[in-house]
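Numbering (our numbering), first residue to last: 96 to 251.
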């Protein structure tokens with residue numbers, strides 16, 4: 096499969112009290128270069144939580160909502176299908192132990208630090224994941240991590 100760049104855009108739920116608040120969303124967008132990159136973006140898809148009763152997406156802390164966000168972003172970035180198919184979901188068993196450890200470290204390194212609205216490029220996710228695999232001594236890489244595109248050296 097050819098490399099496709101994407102940007103993950105997290106938007107914290109807005110609204111009144113907890114019961115009336117809109118759920119947090121993660122949009123997968125086609126990145127655009129230049130000063131207008133955040134205007135008129137093309138939304139490729141809206142990531143979903145399979146079982147809303149267990150809770151929705153979250154970030155800015157380390158908990159179950161953050162784990163669901165990590166599962167959705169990693170499954171998409173690594174081209175593994177849904178979090179359930181990938182063994183990343185918290186509500187499905189069996190879970191892949193390596194992917195669960197990846198998910199939880201992604202929460203700590205990225206998502207627990209995020210504010211209400213954020214954007215994260217797929218390239219950053221893939222490069223972080225590849226380093227995580229190598230540091231963990233795991234040699235069997237997901238296909239998306241085997242042939243990463245070269246880094247572009249940008250001079251300002």
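The beta-carbon is built from N, C-alpha and C at its ideal position, and this holds for glycine as well. Keep in mind it's a predicted model, so treat the numbers as computed, not measured.
By alpha-carbon distance to residue 99, the top candidate from 105, 108 and 126 is 126. Inclusion of residue 117 and residue 104 in the CB contact set at 7 angstroms is not warranted, their separation being larger than that value. DSSP, read as helix, strand or coil, puts residue 228 in helix. Here residue 106 is bridged, per DSSP, to 120 and 212.
In this chain, the alpha helix (DSSP H) harbouring residue 193 covers 192-204. If you draw a straight line from the Cα of residue 102 to the Cα of residue 212, it is about 13 angstroms long. When Cβ pairs closer than 8 angstroms are counted between the two stretches, the stretch 178-198 is seen not to touch the stretch 208-223, the count staying below three.
A residue is called buried once 16 or more other Cβ atoms fall within 10 Å of its Cβ, and residue 204, having fewer, is exposed. Spatial neighbours of residue 106 in its own chain (CB-CB distance under 6 angstroms, excluding positions within 5 residues in sequence) are listed in chain order as 120 and 212. The Cβ atoms of residue 227 and residue 194 do not sit closer than 7 angstroms to each other.
For residue 171, the uninterrupted alpha helix (DSSP H) segment begins and ends at 159-172.
The beta carbon of residue 168 sits closer than 6 angstroms to those of 103, all from its chain and outside the five residues before and after it, given in chain order.
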